[in-house]
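Trainee:
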Amino acid sequence: MTQVAEPDTTTSATEPGRVSHWINGRLVEGTSGRRGDVYDPATGVLARHVDFASADEVAAAVAAARAAFPGWRATSLSKRTDVLFKIRNLVEAHRHELAAHLTAEHGKVPSDALGEIARGLENLEFACGIPNLLKGGFTEQASTGVDVYQIRQPLGVVAGITPFNFPAMVPMWMFATAIACGNTFILKPSEKDPSASIFMAELLKEAGLPDGVFNVIHGDKVAVDAILEHPDIAAVSFVGSTPIARYIYETGTSHGKRVQALGGAKNHMIVLPDADIDMAADAAVSAGYGSAGERCMAIATVVAVGDVADPLVDAISKRLPKVKVGPGSDPDAEMGPLVTRQHRDKVAGYLDSSKEQGATIVADGREHPLYGDSEGFFLGVSLIDNVTTTMDAYRDEIFGPVLTVVRVKTYDEAVKLINENPYGNGTAIFTRDGGAARQFQFEVNAGMVGINVPIPVPVAYYSFGGWKASLFGDLHMYGPEGIQFYTRAKIVTSRWPDPGTSKVDLGFPRTR
Ligand code: NAD
Numbered sequence: 473m474t475q476v477a478e479p480d481t482t483t484s485a486t487e488p489g490r491v492s493h494w495i496n497g498r499l500v501e502g503t504s505g506r507r508g509d510v511y512d513p514a515t516g517v518l519a520r521h522v523d524f525a526s527a528d529e530v531a532a533a534v535a536a537a538r539a540a541f542p543g544w545r546a547t548s549l550s551k552r553t554d555v556l557f558k559i560r561n562l563v564e565a566h567r568h569e570l571a572a573h574l575t576a577e578h579g580k581v582p583s584d585a586l587g588e589i590a591r592g593l594e595n596l597e598f599a600c601g602i603p604n605l606l607k608g609g610f611t612e613q614a615s616t617g618v619d620v621y622q623i624r625q626p627l628g629v630v631a632g633i634t635p636f637n638f639p640a641m642v643p644m645w646m647f648a649t650a651i652a653c654g655n656t657f658i659l660k661p662s663e664k665d666p667s668a669s670i671f672m673a674e675l676l677k678e679a680g681l682p683d684g685v686f687n688v689i690h691g692d693k694v695a696v697d698a699i700l701e702h703p704d705i706a707a708v709s710f711v712g713s714t715p716i717a718r719y720i721y722e723t724g725t726s727h728g729k730r731v732q733a734l735g736g737a738k739n740h741m742i743v744l745p746d747a748d749i750d751m752a753a754d755a756a757v758s759a760g761y762g763s764a765g766e767r768c769m770a771i772a773t774v775v776a777v778g779d780v781a782d783p784l785v786d787a788i789s790k791r792l793p794k795v796k797v798g799p800g801s802d803p804d805a806e807m808g809p810l811v812t813r814q815h816r817d818k819v820a821g822y823l824d825s826s827k828e829q830g831a832t833i834v835a836d837g838r839e840h841p842l843y844g845d846s847e848g849f850f851l852g853v854s855l856i857d858n859v860t861t862t863m864d865a866y867r868d869e870i871f872g873p874v875l876t877v878v879r880v881k882t883y884d885e886a887v888k889l890i891n892e893n894p895y896g897n898g899t900a901i902f903t904r905d906g907g908a909a910r911q912f913q914f915e916v917n918a919g920m921v922g923i924n925v926p927i928p929v930p931v932a933y934y935s936f937g938g939w940k941a942s943l944f945g946d947l948h949m950y951g952p953e954g955i956q957f958y959t960r961a962k963i964v965t966s967r968w969p970d971p972g973t974s975k976v977d978l979g980f981p982r983t984r
């Protein structure tokens, strides 16, 4: 059984019950007079408040990050690596406390919270290889006596704006690479679960990261807009819903910033008639209901091809009563509550609209006892069959423990469905046919593809990103593309004095 520590909010705020900003290596109480409510989703209790920053408070964080940049940029790669190793080790050593913050404010159960941290740690481990990752190319004797080489340099102050569903991992996707490259960083975490970011800031300081290199500003649109408009912020990474991602991309780039903005998703899992039904059903249940469906890589839609539909729906529905829903304090719980009451109710609303629009409700999560009997934001697992592309449950990103099944006759119909969907984050195919799988990876319009793997989140030495409305910008997040995003190339052409070889030449420089 996993030991889970109670989150100590007194170490993460200037007063119990209050989450403040982190600027220049210390907690700074907000002065805007604006704040947000943070709930414990498992009990429905208002747990604490989070300060909301004004544009002036954002500017103070930017000033600290700007002041820290020259020193951090000049810090040797071996020293930066040393700090990153220490950060990695501290996050690992304190993973249970960090997980407790995630459970307390997001609601995910400890095993899931620890999984999130493990995936975040991968990014820190990748960043520990920064001396190798920043190696440029060198061309000797490009012309007689002339060498050419490339160096990659940090951008300056960069910002990350993150969603509620991964309060530790998604910030790590960003800051691990950004600070390894020599940038200084401002994090604007989700206002729904802000404490993990302050806990991580404390660990970064303990690891020896100089003050001002990592800052946290809490808030809403006011803080986000201040980031997007601030002239001293060179780049913005965003992860969240599609409408906000589009806004961040358009506003940030119109202010001259480099922007990568990852949006929402609607991930399809195709099951071909030759698939291993048990494997596919296990995968659909794990990927559909893990983290209460609040994952951007969650499977939302199972596309059952041909006569696989009946046995597959049967196999999935047989597994549903075994999914243990409960609070993170229950060591047996596999799925926790949703993040807010409002979100839980919105998700539950899709059960009514689906029924009205002609779908079959195989399992209704509102029948789970915790839905009615608890003050927490619980909803049991739901399965909706015979969903069509015109229904709300298909068109919208539900982001909850609701799995929908669309039945199609052929593989071609299934692929067309995915390729015509506005989102293109992850997708998966379940089959024993290597040729079909290869054809699928070749022609499907999505950024991350699983073959008998339902949640194909790339390992940290590849990069994460969707296509279409799931990503605005050119570069995917973390991994090699993250290094590219957080650095700019400089190409140096050099020649050293060689007596007697120089002459005046007004022609365009030639290499021959
Ligand atoms: P969200 O878009 O509501 O919020 C994300 C961030 O944007 C938060 O920090 C929030 O404070 C800020 N924000 C919200 N409204 C804003 C506004 N009007 N103006 C400026 N900033 C605003 O997303 P969420 O509900 O926190 O997270 C869930 C969403 O994130 C889902 O759509 C999910 O698919 C997506 N997501 C995508 C990925 C991915 O990698 N593609 C990963 C995780 C989550």
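End of the sequence shown = 984 in my numbering, gap-free, step of one.
Backbone N, C-alpha and C define an ideal beta-carbon position, used for all residues, glycine too.
Quantities reported herein were computed from a predicted structural model and do not represent experimental measurements.
How would you write the range of the beta strand (DSSP E) that Phe-461 sits in, first residue to last?
Mentor: Nothing about residue 461 can be read from this structure; the chain reaches only from 473 to 984.
Trainee: If you run the structure through DSSP and keep just helix, strand and coil, what is Glu-794?
Mentor: Correcting the residue identity first, residue 794 is Lys in this sequence and not Glu. Of the three classes helix, strand and coil, the one that applies to Lys-794 here is helix, per DSSP.
Trainee: Quick one: does the C-beta of Phe-849 sit closer than 6 Å to a heavy atom of ligand 1?
Mentor: Every heavy atom of ligand 1 is 6 Å or more from the Cβ of Phe-849, so no.
Trainee: Are the region 584-594 and the region 559-568 touching, with three or more C-beta to C-beta distances below 8 Å?
Mentor: With a cut-off of 8 Å, the region 559-568 and the region 584-594 count as touching, because enough Cβ pairs lie within range.
Trainee: Please classify Arg-904 as buried or exposed, where buried requires at least 16 other C-beta atoms within 10 Å of its C-beta.
Mentor: Label assigned to Arg-904: exposed.
Trainee: Using CA atoms only, rank isn't needed, just tell me which of Ala-539, His-493, Ala-781, Leu-842 is closest to Pro-661.
Mentor: Of Ala-539, His-493, Ala-781, Leu-842, the residue nearest in Cα terms is His-493.
Trainee: DSSP state of Ser-854, grouped into three classes?
Mentor: Residue state, collapsed to three classes: strand.
Trainee: Mind checking who Tyr-895 pairs with in its DSSP beta bridge?
Mentor: According to DSSP, which records beta bridges pairwise, Tyr-895 is partnered with Lys-940.
Trainee: Comparing the CB of Ala-737 with every heavy atom of ligand 1, is any distance shorter than 6 Å?
Mentor: Yes, since a heavy atom of ligand 1 falls inside the 6 Å radius drawn around the Cβ of Ala-737.
Trainee: Residues in the same chain with beta-carbon distance under 7 Å from Ser-935, minus the five sequence neighbours each way, listed in chain order, please.
Mentor: Within the same chain, Ser-935 has close Cβ partners His-948, Met-949, Tyr-950, Gly-951, Pro-952, Glu-953, Gly-954.
Trainee: If you measure from the CB of Val-711, is any heavy atom of ligand 1 nearer than 6 Å?
Mentor: Within the cutoff, so yes.
Trainee: Going by alpha carbons, who is nearest to Ile-422 out of Lys-607, Gly-628, Thr-616, Pro-682?
Mentor: Nothing in the structure corresponds to residue 422, since the chain is present only between 473 and 984.
Trainee: Any heavy atom of ligand 1 inside 6 Å of the beta-carbon of Ser-726?
Mentor: Not so, every heavy atom of ligand 1 lies at least 6 Å from the Cβ.
Trainee: With H, G and I counted as helix, E and B as strand and the rest as coil, what does DSSP make of Tyr-843?
Mentor: Note: Tyr-843 maps to helix in three-state DSSP.
Trainee: Kindly provide the ranges of any beta strand (DSSP E) runs that are 3 or more residues long and lie completely inside the region 712-751, ordered along the chain.
Mentor: List check, beta strand (DSSP E) in window: 730-734, 739-743.
Trainee: Work out the CA separation of Asn-917 and Ala-572 for me, nearest whole Å.
Mentor: When rounded, the distance between both Cα atoms is 37 Å.
Trainee: Taking only three categories from DSSP, how would you classify Leu-817?
Mentor: Note that residue 817 is Asp in the sequence shown here, rather than Leu. Three-state result, Asp-817: helix.
Trainee: Leaving out five residues before and five after Ala-886 in sequence, what residues of the same chain have Cβ atoms less than 6 Å from its Cβ?
Mentor: These residues qualify, in order along the chain: Ile-742, Val-775, Val-777, Val-880.
Trainee: Report the start-end ranges of each alpha helix (DSSP H) in the region 755-804 that is 4 residues or longer and not cut off at the edges.
Mentor: Fully enclosed alpha helix (DSSP H) runs of 4 or longer: 781-791.
Trainee: Nearest-angstrom Cα distance between Asp-864 and Tyr-895?
Mentor: Each residue's alpha carbon lies about 15 Å from the other.
Trainee: For Glu-915, which residues of its own chain have a beta-carbon under 8 Å away from its beta-carbon, when the five flanking residues on both sides are left out?
Mentor: Cβ neighbours of Glu-915 beyond the five flanking positions: Val-887, Asn-891.
Trainee: What does the alpha-carbon distance come out to for the pair Ile-559 and Leu-675?
Mentor: Their backbone Cα atoms lie some 7 Å apart in a straight line.
Trainee: Roughly how many whole angstroms lie between the Cα atoms of Glu-501 and Leu-518?
Mentor: For Glu-501 and Leu-518, the distance between alpha carbons rounds to 20 Å.
Trainee: Roughly how many angstroms separate the alpha carbons of Pro-981 and Tyr-933, rounded to a whole number?
Mentor: For Pro-981 and Tyr-933, the distance between alpha carbons rounds to 39 Å.
Trainee: Mind listing, in chain order, the continuous beta strand (DSSP E) runs of no fewer than 3 residues lying wholly within the region 562-628?
Mentor: Runs of the beta strand (DSSP E) inside the region 562-628: 610-615, 618-626.
Trainee: Would you call the region 640-647 and the region 815-824 in contact, with 3 or more CB pairs under 8 Å?
Mentor: With a cut-off of 8 Å, the region 815-824 and the region 640-647 do not count as touching, because too few Cβ pairs lie within range.
Trainee: With a threshold of 16 other CB atoms inside 10 Å of the CB of Arg-967, please say whether the residue is buried or exposed.
Mentor: Looking at its Cβ environment, which holds fewer than 16 other Cβ atoms inside 10 Å, Arg-967 is exposed.
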